[in-house]
Every structure is written in C-alpha cells, then in structure tokens.
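Trainee: Quick one: structure below, then a few questions.
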C-alpha cells in the first residue's frame, strides 16, 4: 500500500512539470548568446574610463583637476546578452529578429551597471534584397572592422552608433549592391527620446544611402573580404529663437546636416585554407560633413559639433573631415595585433573661435594612436591588452575645472592602458 501511495504522489508531482514544459521554449527557432566582459585599466587623466576626448592640460597659472590626477577603473558593465529569432517566411523572404542589451546604462538615464538596449531589429531576406527595420548599427560610413578593447574607443571617428532606422539593400550582382533608407537624426543617447530639438522640429527624417562593392576575388580573412563603399547621410536642423521684436513669438533658422563617407576593407595578405596565421587586413574610412550633432555621429556632444548662434541669431555650423584606419596582423590563427589611428578636424569660423564661449570649448582637432593584442585562448575566452593615446586641441583658451586665476592650456592629452577579458557563450 505504501508503494502505491508513493507512486501516486510522484505522478502528481511530475504531471504539472510536463504540462508546463512547453512554456520554456518559443514556437520559433531561438538562439541565446552573449558574453561576460571584465575591464581593468589606468588613464593618465582623471577622466571617464571610456574617454572620447582629453581635457585641457594645466598651465602655469591654472591647475586642472583632471590633468593633475590619473584614474584607475574596473568594470563588468560591457557584459551583454542577445537573442536571435528565426521565424516563418513572409512574401518569399526569410524572416529573423535580433535583440541585444548590455549593462553600461548610459543611454537609459540609469547609472553605469543598469541594463540598456543595444539592438532590436528585424530582417527580411530575399535572394537579391534585404530589408532591415529597427535599432541597429548605422548602415553607412562606419568601418567594417573595429577590433578595440573598449566599446567606445575611437567612436569620434565615425566608428558607428546604434540608431533606429529602416534600410533596404538591393544586390544587383553578387559583388555590387546599394542601400537606401531613413535613420534617426535625433539623439537619444542621454536617456530620453528627444521631442524638442532642432532635428525633431525639422519634419525631416534622416536620409541615408550607400553604393558598395564586395568581393572574394582577393581572398578573405575570416568574414573579412574586399569591400569598398561610398555613402551619405542628410538631415535638416530647424533651430529656433525668440523673436527680438516680439517676445511672445518664435523665429527659426534651418541648417543642413550632412555627412559623406568612404569605407574600405582590404585583405592585403589573405588567409590560407581557413588559417588566418600571417594574414594582414587594412580597414577604415574617410569622411567629411557638417552639423552632425543630431545623433552624435562622432561620439558625443563635445566631439560632435552642432550649430551655434551668431549675434544676429543666425545659426551656423562648422564643416569637418576625418578618418579612421586599422591595420590588423594575425600572428597566429588565434592571436592578432592591431595598430589604430584616428583624425578629426573642425573648421570653425574666426568669430566663433574668438568670441563664442561655447565654441571656444569645442574640439578643433583630435588625433588617436593605439595598439593592442587580442588572443582567443579557446572558443569561449578572449584576452585583450591595449595602449591608446588621445590628443585634443580646442578652439581657444578656457578655464577647465580647476583652480588659479588664469587659463588652462588650449590642448590636452590622455594615455590609457586597458586589459579586457571576455567569456563568450
């Protein structure tokens, strides 16, 4: 009798488990992935662990706090996870969706360590076309490969941002394709969805396009083959101000926002029979534009210049140009060395450099140099060791955060040493 009772109790425990088992899976094909990331490092300035510019140096008459002290840091906030979903076909296209987040928190209004959205997009793939809708890396201008240790490293050189968009790419042949689409021209990286800036008032979405050539004719290195692309972004910025003749009314001034970019990927020495040892890849971009402050295409509000007002309330914006270049050498199939360089130059007017306080504190020129080693110890574990130096020149003299009666230097420099460890799953 006791055995029968035990069997009945066991069955009552198992039946609910079996009935709920289906709730643990999706009706579609779902793959879960991501990695755990740890960073530790030291910077020569008391700046962010992820600096996109260096602060002013101390001068003989003014001591700048950030230049007087260095900064050590440790973090696990770049840890991320993602879901790849493959669903049913629609209109003859394969459908999929990708969702990813990390714990940097900087675009949510939370503190570092808070969860934030990185990617949330869907794709429709036909034999000769692709439609992407959602938040994803920008589809134009950014380098094809960015092997840095810190996620924000070199972002001020059009390295790429994640932005809401719709992009349609058509493949004329296996090697030639073109893309057109609309993209967010309004920044949301401060944790809010902007509704009152000039890019939102313009009634224009950001427009983007690209024509590209992709080929395996020169071989490849892993997923990296020969690629060239010429692309462009265009938006409108409607800045407003109070009518000087009637304080109850507003007036506005509209400025074009545009960027043109060329990006490339060249396998100088391709891999041999799937082994990357001794292969070499050259990768980067060139770009020129004006008034790209809407979505902070070049890093953040300090390094991405927007429009500024002149005394007559007319708005102006400087043109800029720059480049990013990366040379990668795979010493072995699992060990790669990277040399990186970035350059950015703004062309402010003489009036802005001399008379406008906000413009004097904006970046006039930047340069970055860096080298790193990335080692894939196995399929799950990667180690990265990096040195980077960053030089920043401002439009004019300024005070900076410090003490003393005079001005700080017009330039600043920061050196950073960083170790990263990843565990992929």
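Numbering (the working numbering), first residue to last: 2 to 426.
Ideal placement from N, C-alpha and C gives every residue a C-beta, glycine not left out.
Alpha carbon to alpha carbon, what distance is there between residue 304 and residue 368?
Mentor: 12 Å
Trainee: Is the Cβ-Cβ distance between residue 93 and residue 118 less than 9 Å?
Mentor: no
Trainee: Opposite residue 463 in the DSSP bridges: which residues?
Mentor: As displayed, the chain neither begins before 2 nor continues past 426, which places residue 463 out of reach and without an answer.
Trainee: What does a CB cutoff of less than 8 Å around residue 314 pick up in its chain, not counting 5 residues either side in sequence?
Mentor: Setting aside the 5 residues that flank it on each side, residue 314 is surrounded in the same chain by 242, 245, 252 and 254, each with a C-beta closer than 8 Å to its C-beta; the list follows chain order.
Trainee: Using beta-carbon positions only, say whether residue 74 and residue 50 come within less than 9 Å of one another.
Mentor: Yes, the Cβ-Cβ distance between residue 74 and residue 50 is below 9 Å.
Trainee: Residues in the same chain with beta-carbon distance under 6 Å from residue 266, minus the five sequence neighbours each way, listed in chain order, please.
Mentor: 145, 225, 228 and 284
Trainee: Considering Cα atoms alone, identify which of 421, 413 and 424 is closest to residue 54.
Mentor: 413
Trainee: Give the secondary structure of residue 352 by DSSP, where H, G and I count as helix, E and B as strand, and everything else as coil.
Mentor: helix
Trainee: What are the partner residues of residue 366, as DSSP defines its beta bridges?
Mentor: Paired residue(s): 346 and 394.
Trainee: Ordered along the chain, which non-local residues of its own chain (more than five positions away) have a Cβ less than 8 Å from that of residue 23?
Mentor: With a pLDDT of only 40 at residue 23, under 50, the local geometry of the prediction cannot be trusted, and no value is derived from it.
Trainee: Quick one: Cα of residue 211 to Cα of residue 259, how far?
Mentor: 14 Å
Trainee: Helix, strand or coil, according to DSSP, for residue 426 in the structure here?
Mentor: Residue 426 sits in coil when the DSSP states are folded into three classes, being neither helix nor strand.
Trainee: Could you tell me the distance, in whole angstroms, from the CA atom of residue 79 to the CA atom of residue 104?
Mentor: 6 Å
Trainee: Name the two residues that bound the continuous alpha helix (DSSP H) containing residue 68.
Mentor: Its alpha helix (DSSP H) spans residues 66-69.
Trainee: Short of 6 Å in beta carbon distance, which residues of its chain neighbour residue 232, apart from the five on each side in sequence? Order them along the chain.
Mentor: 141, 142, 211 and 262
Trainee: Here's the rule I'm using: 16 or more other beta-carbon atoms within 10 Å means buried, otherwise exposed. How should residue 70 be labelled?
Mentor: exposed
Trainee: Going by C-alpha distance, which of 326, 270, 382 and 350 is nearest residue 339?
Mentor: 326
Trainee: Between the Cα of residue 163 and those of 364, 68, 149 and 122, spot the shortest distance and give me the residue it belongs to.
Mentor: 122
Trainee: Just to confirm, are residue 331 and residue 280 a CB contact at a threshold of 9 Å?
Mentor: Yes, these two residues count as a Cβ contact at 9 Å.
Trainee: When the Cα of residue 67 is compared with those of 76, 48 and 52, which residue comes out closest?
Mentor: 48
Trainee: Give every residue of the same chain whose Cβ lies closer than 6 Å to the Cβ of residue 269, excluding the five residues on either side of it in the sequence, and list them in chain order.
Mentor: 281 and 283
Trainee: What residues match up with residue 1 in a beta bridge as DSSP calls it?
Mentor: Shown here, the chain extends from 2 to 426; a query on residue 1 therefore has no answer.
Trainee: Less than 9 Å between the C-beta atoms of residue 149 and residue 158, yes or no?
Mentor: No. Outside cutoff.
Trainee: Going by the beta-carbon positions, is the gap between residue 45 and residue 334 smaller than 9 Å?
Mentor: no
Trainee: Fully enclosed by the stretch 29-95, which beta strand (DSSP E) runs are 3 residues long or longer?
Mentor: 30-44, 72-76 and 81-87
Trainee: From the DSSP output, in three-state form, read off residue 248 for me.
Mentor: coil
Trainee: Kindly list the residues whose CB is nearer than 7 Å to the CB of residue 188, restricted to its own chain and excluding five residues on each side of it in sequence; keep chain order.
Mentor: 195, 295, 296 and 297
Trainee: Give the DSSP bridge partners of residue 165, in chain order.
Mentor: 136
Trainee: Inspect the beta-carbon positions of residue 43 and residue 395 and report whether they are closer than 9 Å.
Mentor: no
Trainee: Between which two residues does the alpha helix (DSSP H) harbouring residue 237 extend?
Mentor: Taken as a continuous stretch (DSSP letters only), residue 237 belongs to no alpha helix (DSSP H), being part of the beta strand (DSSP E) at 225-243.
Trainee: Might you give, ordered along the chain, the residues of its own chain that have their beta carbon closer than 6 Å to the beta carbon of residue 30, omitting 5 neighbours on each side?
Mentor: Counting only Cβ-Cβ distances below 6 Å, and skipping sequence neighbours, we find 87.
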